[in-house]
Each structure stands twice: as structure tokens, then as C-alpha cells.
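A.B. asks: Protein sequences, first through last, are from chains B and S.
For the first sequence, our numbering gives the first residue as 1, with consecutive numbering after it.
For the second sequence, our numbering gives the first residue as 1, with consecutive numbering after it.
Here it is, the structure, as C-alpha cells.
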Amino acid sequence: SGKGHNRDQGWGKTRKVGYSMKSWGDDKGEVSWSDRGRVKRNGSPAKLKRLSRGRCRRHPLHVDFRDVGWHKWIIAPSGYDAFFCLGECRYPLADHMNASSHAVVQTMVNSVNGAVPRACCVPTSLSPIALLYLDNHDRVVLKNYQDMVVESCGC
Amino acid sequence: GRQGGESSEPDNGRVPPTPSSPSPAAALPDPGLAQTIQSLLLSRLGLQSQPNPRPDVPVPQYLLDLYRFHQQQYHLLEDPTFSFPSHHIQQANTIRSFHHSEPFGDNTKVRDQTRVHISFNLSSIPQDETVLSAELRLLRSQAASLGPGPHRLNLYLSKHHEDPEPTMLETRLLTSGLHGIKAGSFWEAFTLKPDLLRKAHGGTGSLGFLLEVRPENSTASPDQSSSSAAGDNQTEQHQERHLRVCRSVGQDDHSWAQERPLLVTYSHDGHGEPLVKHGRRTSGNSKWIKARKGSNMKTKR
Chain B
1 SGKGHNRDQG WGKTRKVGYS MKSWGDDKGE VSWSDRGRVK RNGSPAKLKR LSRGRCRRHP
61 LHVDFRDVGW HKWIIAPSGY DAFFCLGECR YPLADHMNAS SHAVVQTMVN SVNGAVPRAC
121 CVPTSLSPIA LLYLDNHDRV VLKNYQDMVV ESCGC
Chain S
1 GRQGGESSEP DNGRVPPTPS SPSPAAALPD PGLAQTIQSL LLSRLGLQSQ PNPRPDVPVP
61 QYLLDLYRFH QQQYHLLEDP TFSFPSHHIQ QANTIRSFHH SEPFGDNTKV RDQTRVHISF
121 NLSSIPQDET VLSAELRLLR SQAASLGPGP HRLNLYLSKH HEDPEPTMLE TRLLTSGLHG
181 IKAGSFWEAF TLKPDLLRKA HGGTGSLGFL LEVRPENSTA SPDQSSSSAA GDNQTEQHQE
241 RHLRVCRSVG QDDHSWAQER PLLVTYSHDG HGEPLVKHGR RTSGNSKWIK ARKGSNMKTK
301 R
């Protein structure tokens, strides 16, 4: 949220140049580490929205077993919401982006050395689903499969 | 990329374009790659290959109800006597169901209607899967009234039909009526020790039982007894049927699949969480009952 709390992991350099976390706004502007000297906080709403959309977050992805012919052996469900993670992990890494300390460090290094990539947008929490299916012997099985649904994404 | 109903996802399933996003035409993987990916996924799911079941395989109602209860779809449960087996599922992440092996040919030569041998082939359980518990489920139907007086069901572990020394597993007194059961049928569930399953699993893969139903305190010989463990079978003179163990004449596959004995194993493959998380409340059917009563109970995942 950019409220400034819990943001003591190495942000002293930011403050030194005059931009506290609060001044970055709440995830409404594209502000990279290298941009810190020329930030415009009052961008157009459309641009701000576009930039916000590019941030790392969870996106919908529905897997339909019929599309891959698996409905012949999977009795239920017919499909499920798997979700996926996509987006950029740009500075500043807001709280809701679930950034690890390593991602913060990597983002900082990326800002001064482009050869180091930005942190990746990955699932930070996954949940299982139960499948009711027929095995190779025509026997019905109910099984819980872990890590099938993305619950949240982060950097 | 399609999904309905989640208002928190503002782009309605559209993936924002990125420089690396392929065009729709280019997104189609070549068949070899698709096959490789599929094999990898099947392997992750614990399957050696994609199952290719025969069409219209009947699904036991118990497994469907288990799935629906697990998904908290209480309104879809069909068995009014369904009880979620929380004690079996506490540690298990896999439930497998087995129908018994039916002997070839007719059963008219089976004279002793009070004793029936049934066996199950458990060889399809993967070797790396640990069976934690199991239960044998037998259907009693309203049409199969017990007749006068109480009856007793004896369950033995028996290697084959002619096993001279079957091992008694459990004896149960059956009440003479199915009071309060509207559907007219009731499943008798017998909990089996995991050791039995492990021995069968590690051995021939076959597990056999001898079922015996006798009138309690009866001095009549088995041939004179009106009780029957074998269901209606072909013997029309046996009007008093107790357990659905043998198929009726002309009974179709689907109907028979919902009535025949069912062995259910609860196991864990060493990966992932059990079907019921610790701390989750699944005591009895209280949630289901509340849901059926139309309360505004909010469910949580």
C-alpha cells in the first residue's frame, strides 16, 4: 500500500534522494529505481492504470479438461480455476506484491546493473484440488492433488 | 484464459499483451511437445499413462457423495444416510473403490444361501502408496426385510470358497428393520485393519471375505433358514433377502453397480495434504444437515 510501514529494508537510499515510500504513491505510477531523479507523480489516469496493470499479480486461467480430452477419465470436476501469475516486479515493490527480501535486493541491483534481471512474478501460495477419476483398471479414485491452484502471486 | 464469476479479476480473463506473448496461431504446440508435457503432468499426478476407461463405467454413488461432500456441495448428496468418513480420511489423500470379482457362470450351484464368499482384486493400488484404512460396504435394502427376529452377520477373512479355517473379523447384530430410512436401503460399513490390506497388497493382491447371515438364537440348520447373505440371486423362493451380494437376474450394470459390495481404501502416496485438513470441522453430517434445512450457513474453503 505504500503507507511506509514495514518498509525499513534498505530504503534509506530512497529517502536520501528525497522520495519516501509514501511519496511513491500507492501503486499508481511506474517508478523504477533508476527513475528516482525524474519522477512525475501526476501522470494521466489512463497511463497510471496501464502501468498498474502490468504489475505482478494473479490472473484468471480456467482449465477445461474437455479441451484436452481428459474428460474421458476425469469424472469431476469438468475443469477448474488454476490461475497464473504474470506481471513485472518493478520498483517500488508494494506490500501486496508479496515480495521476498531477495526480490527487493535483486530489484535494487537491477536498477544499477541491467544485466541482472528483475525478480520473477511467481506463485507464493498454492492450494490443492480433489479429482474424481477412473484409473487404468476402470476403478474410481478420489485423490487430492497439491499445488494445483494459485492462491496468490508475488515477486 | 477464460473464467467467469471472479469480480476481483478486472481484466475478465484477458492476458495483458507482453512482448514475449505468442500469437494465437503460434501458441499451438507441436504434437510431440504436447505429448511430452502431458506425460510429465500425468507423472506428476502419479499416473503412468493416460487412463483409457471403457465408456459408461458406472461410478459408485458413495464416491460421488464423498466428492460432493468434500466440495461442500451438500445439496447434491443423494444418499440420505451418507456419513463423511472423517476418521478414515484424516491422514489419507487418496480414496480408491473396488467392486468384488464376480465368478464366471451362474451361481445356481451355490446352495448355501447363508454363506457367500466375495473377493476383491487390489493389485491396482500402486506399490508406493500406503493404505491407512479401509472399509467393506454392503447394502441392505428395504425389500430385503430380515424377517422375524434379529439376525447376525458374521464377517470372516477367507482366502477362497473352500477355505476350511476362515478368520472371524467381525460379528454384527442386524436390526430387523430399517427405521427412518426413506430410501429403503442402508449401507453396512465394516472397518478393516490396514494390516489386512497391506498383506493382500504385498501378496497376491486379492482379499477375500466370507459373509454369513444367520437368525440370532436360531436352531434351524442353514438349509432351513429363511435368511440369506446372497441377495435374491436366481432363487425366487428366497423372498427374504438381506444383503445385496449377488446380482439379480437381468439387472443392468448401472443398477448393480450401485448395490453391489464395495471395498474402499484410504491411502496416502507420500505427496501432499490429506483430503481433510487438520482442524477443519467435518464432524458427522452436521453441516450437511444444516444445509439441507435451508439455513443460511456460509461455507468456507
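Just so you know, even glycine gets a beta-carbon here, dropped at the ideal spot from N, CA and C.
All values reported here derive from a predicted model rather than from experimental measurement.
For A130 of chain B and chain S, any beta-carbon pair shorter than 7 Å?
C.D. replies: As a first step, residue 130 of chain B is located in the first sequence; it is residue number 130 there, counting from the start. For A130 of chain B, the answer is yes, since a Cβ of chain S falls inside 7 Å of its Cβ.
A.B. asks: Would you verify that the beta carbon of E30 of chain B is, or is not, closer than 7 Å to some beta carbon of chain S?
C.D. replies: The residue you call residue 30 of chain B lines up with position 30 of the first sequence. The pLDDT assigned to E30 of chain B is 35, lower than 50, so where the model puts this residue is not dependable; a value taken from the coordinates is nonetheless given after this. Judged by the 7 Å Cβ criterion, E30 of chain B is not in contact with chain S.
A.B. asks: Using a Cβ distance threshold of 8 Å, determine whether the segment 50-60 of chain S contacts the segment 82-96 of chain S, with at least three qualifying pairs required.
C.D. replies: Of all C-beta pairs linking the segment 50-60 of chain S to the segment 82-96 of chain S, fewer than three are shorter than 8 Å, placing the two stretches out of contact.
A.B. asks: State the Cα-Cα distance for the pair P274 of chain S and N217 of chain S, rounded to the nearest angstrom.
C.D. replies: As a first step, residue 274 of chain S is located in the second sequence; it is residue number 274 there, counting from the start. As a first step, residue 217 of chain S is located in the second sequence; it is residue number 217 there, counting from the start. Distance between the alpha carbons of P274 of chain S and N217 of chain S is about 44 Å.
A.B. asks: Please give me, in chain order, every unbroken run of the beta strand (DSSP E) with length at least 3 that falls completely inside the segment 75-143 of chain S.
C.D. replies: 94-99, 115-121 and 130-141
A.B. asks: Given G208 of chain S, which residues of its chain have a CB within under 8 Å of its CB, disregarding the five upstream and five downstream residues?
C.D. replies: The count along the second sequence starts at 1 and reaches residue 208 of chain S at position 208. Contacts found: H117, I118, S119, F120, L157, S158, K159, H160 and D163.
A.B. asks: Whole angstroms are fine: how far does the CA of D65 of chain S sit from the CA of F98 of chain S?
C.D. replies: One-based indexing of the second sequence puts residue 98 of chain S at position 98. One-based indexing of the second sequence puts residue 65 of chain S at position 65. Using only the alpha carbons, I get a separation of about 16 Å.
A.B. asks: Taking Cβ-Cβ distances below 8 Å as the criterion, which residues of the segment 51-73 of chain S are in contact with chain B?
C.D. replies: Taking a C-beta cut-off of 8 Å against chain B, the contacting residues of the segment 51-73 of chain S are P51, N52, P53, R54, V57, V59, P60, L63, L64, L66, Y67, H70 and Q71, listed in chain order.
A.B. asks: For chain S, find out if any of its Cβ atoms is closer than 7 Å to the Cβ of A119 of chain B; answer yes or no.
C.D. replies: By 1-based counting over the first sequence, the position of residue 119 of chain B is 119. So no, A119 of chain B is outside the interface.
A.B. asks: Looking only at its own chain, which residues have a Cβ that is under 7 Å from the Cβ of L142 of chain B, when we skip the five neighbours before and after it?
C.D. replies: In the first sequence, residue 142 of chain B corresponds to position 142, counting from 1. For L142 of chain B, where only same-chain residues beyond five positions count, the Cβ hits under 7 Å are A130 and L132.
A.B. asks: Select from B:A94, B:A115, B:C85 and B:D147 the residue whose C-alpha is nearest the C-alpha of V122 of chain B.
C.D. replies: Taking the first residue of the first sequence as position 1, residue 122 of chain B is located at position 122. Answer by Cα proximity: B:C85.
A.B. asks: In chain order, what residues of the same chain have a beta carbon less than 7 Å from the beta carbon of A76 of chain B, not counting five sequence neighbours either side?
C.D. replies: Your numbering for residue 76 of chain B matches position 76 in the first sequence. The residues are L132.
A.B. asks: From R55 of chain B to C89 of chain B, what distance separates their C-alpha atoms?
C.D. replies: For the purposes of this step, residue 55 of chain B is identified with residue 55 of the first sequence, where counting begins at 1. For the purposes of this step, residue 89 of chain B is identified with residue 89 of the first sequence, where counting begins at 1. For R55 of chain B and C89 of chain B, the distance between alpha carbons rounds to 6 Å.
A.B. asks: Would you tell me roughly how many angstroms separate the C-alpha atoms of D64 of chain B and P150 of chain S, rounded to the nearest one?
C.D. replies: Within the first sequence, the letter at position 64 stands for residue 64 of chain B. Within the second sequence, the letter at position 150 stands for residue 150 of chain S. Within the model, the alpha-carbon separation for D64 of chain B versus P150 of chain S is close to 52 Å.
A.B. asks: Would you mind reading off the limits of the alpha helix (DSSP H) that contains R244 of chain S?
C.D. replies: What you label residue 244 of chain S is simply residue 244 of the second sequence in a count that begins at 1. No alpha helix (DSSP H) holds R244 of chain S; DSSP gives it neither H nor E.
A.B. asks: What does a CB cutoff of less than 7 Å around D30 of chain S pick up in its chain, not counting 5 residues either side in sequence?
C.D. replies: Residue numbering aside, residue 30 of chain S sits at position 30 when the second sequence is read from its first letter. Same-chain partners within the cutoff: there are none.
A.B. asks: Which residues bound the beta strand (DSSP E) around T204 of chain S?
C.D. replies: As a working mapping, residue 204 of chain S is identified with position 204 in the second sequence. Unbroken run through T204 of chain S: none, as it is neither H nor E.
A.B. asks: Based on DSSP bridge pairs, tell me the residues matched to C85 of chain B.
C.D. replies: Position 85 of the first sequence, counting from 1, holds the residue named residue 85 of chain B. For C85 of chain B, which the question treats as bridged, DSSP gives the partners B:R58.
A.B. asks: Under a Cβ-count criterion, where at least 16 other Cβ atoms within 10 Å of its own Cβ denotes burial, should M168 of chain S be classed as buried or exposed?
C.D. replies: Mapped onto the second sequence, residue 168 of chain S falls at position 168. Exposed.
A.B. asks: Considering only the alpha carbon of each residue, which of S:I89, S:P261, S:N52 and S:Q48 lies closest to G186 of chain S?
C.D. replies: Residue 186 of chain S sits at position 186 when you count from the first residue of the second sequence. Per the sequence presented here, residue 186 of chain S reads as Phe, with Gly not at that position. Looking at the Cα atoms, S:P261 is the closest of the given residues.
A.B. asks: For Y133 of chain B, which of helix, strand or coil comes out of DSSP?
C.D. replies: Residue numbering aside, residue 133 of chain B sits at position 133 when the first sequence is read from its first letter. Strand at Y133 of chain B.
A.B. asks: From the DSSP output, in three-state form, read off L64 of chain S for me.
C.D. replies: Position 64 of the second sequence, counted from the first residue, corresponds to residue 64 of chain S. Helix at L64 of chain S.
A.B. asks: Tell me which same chain residues have a C-beta within less than 8 Å of the C-beta of Q48 of chain S, skipping the five on either side of it?
C.D. replies: Along the second sequence, one-based indexing puts residue 48 of chain S at 48. L42, listed in sequence order.
A.B. asks: The beta strand (DSSP E) spanning V264 of chain S covers which residue range?
C.D. replies: Position 264 of the second sequence, counted from the start, is the residue given in the question as residue 264 of chain S. Segment L262 to H268, the beta strand (DSSP E) holding V264 of chain S.
A.B. asks: Just to check, is the beta-carbon of P77 of chain B closer than 6 Å to a non-hydrogen atom of the ligand GDP?
C.D. replies: Of ligands this structure carries none, so the ligand GDP is not represented either.
A.B. asks: By how many angstroms is the C-alpha of W73 of chain B removed from the C-alpha of N113 of chain B?
C.D. replies: Here residue 113 of chain B is taken as the residue at index 113 of the first sequence, counted from 1. Here residue 73 of chain B is taken as the residue at index 73 of the first sequence, counted from 1. Looking at the two C-alpha atoms, the distance is approximately 51 Å.
A.B. asks: I want to know whether the segment 263-271 of chain S touches the segment 129-141 of chain S - three or more CB-CB distances under 8 Å.
C.D. replies: yes
A.B. asks: Could you tell me the alpha carbon to alpha carbon distance between K3 of chain B and C153 of chain B, rounded to whole angstroms?
C.D. replies: Reading the first sequence from its first residue, position 3 is the one you call residue 3 of chain B. Reading the first sequence from its first residue, position 153 is the one you call residue 153 of chain B. A caution first: K3 of chain B carries a pLDDT of 41, below 50, which makes its placement in the model unreliable, though a value can still be read off. Going from the Cα of K3 of chain B to the Cα of C153 of chain B covers about 21 Å.
A.B. asks: If I'm right that R140 of chain S touches L211 of chain S with Cβ under 8 Å, what's the distance once you round it to whole angstroms?
C.D. replies: Residue numbering aside, residue 140 of chain S sits at position 140 when the second sequence is read from its first letter. Residue numbering aside, residue 211 of chain S sits at position 211 when the second sequence is read from its first letter. Contact flag wrong, Cβ pair sits at about 12 Å.
A.B. asks: Given a cut-off of 7 Å on the beta-carbon distance, is the pair A257 of chain S and L192 of chain S in contact?
C.D. replies: Counting from one through the second sequence, the residue named residue 257 of chain S turns up at place 257. Counting from one through the second sequence, the residue named residue 192 of chain S turns up at place 192. Contact: no.
A.B. asks: So, H137 of chain B versus S124 of chain S, is the Cβ gap smaller than 7 Å?
C.D. replies: Against the first sequence, residue 137 of chain B aligns to sequence position 137. Against the second sequence, residue 124 of chain S aligns to sequence position 124. A contact, by the Cβ cut-off of 7 Å.
A.B. asks: Starting from L153 of chain S, trace the beta strand (DSSP E) in both directions and tell me its first and last residue.
C.D. replies: The sequence position of residue 153 of chain S within the second sequence is 153, counting from 1. L153 of chain S -> beta strand (DSSP E) spans H151 to L157.
A.B. asks: Check whether chain S comes within 7 Å of V149 of chain B, counting only Cβ atoms and requiring the distance to be less than that.
C.D. replies: To locate residue 149 of chain B, count along the first sequence from 1; it is residue 149. Taking Cβ atoms only, chain S never reaches closer than 7 Å to V149 of chain B, which makes this a no.
A.B. asks: For I37 of chain S and N154 of chain S, what's the separation of their Cα atoms in angstroms?
C.D. replies: Stepping through the second sequence from its first residue, residue 37 of chain S is reached at position 37. Stepping through the second sequence from its first residue, residue 154 of chain S is reached at position 154. Each residue's Cα considered, the two are about 51 Å apart.
A.B. asks: Just confirm the distance between the C-beta atoms of E188 of chain S and L122 of chain S, as a whole number of angstroms; I'd bet it's less than 8 Å.
C.D. replies: The residue given as residue 188 of chain S occupies position 188 in the second sequence. The residue given as residue 122 of chain S occupies position 122 in the second sequence. 21 Å between Cβ atoms; not a contact.
A.B. asks: DSSP beta-bridge partners for W73 of chain B?
C.D. replies: Locating residue 73 of chain B in the first sequence gives position 73, where the first residue counts as 1. W73 of chain B is not bridged to any residue.
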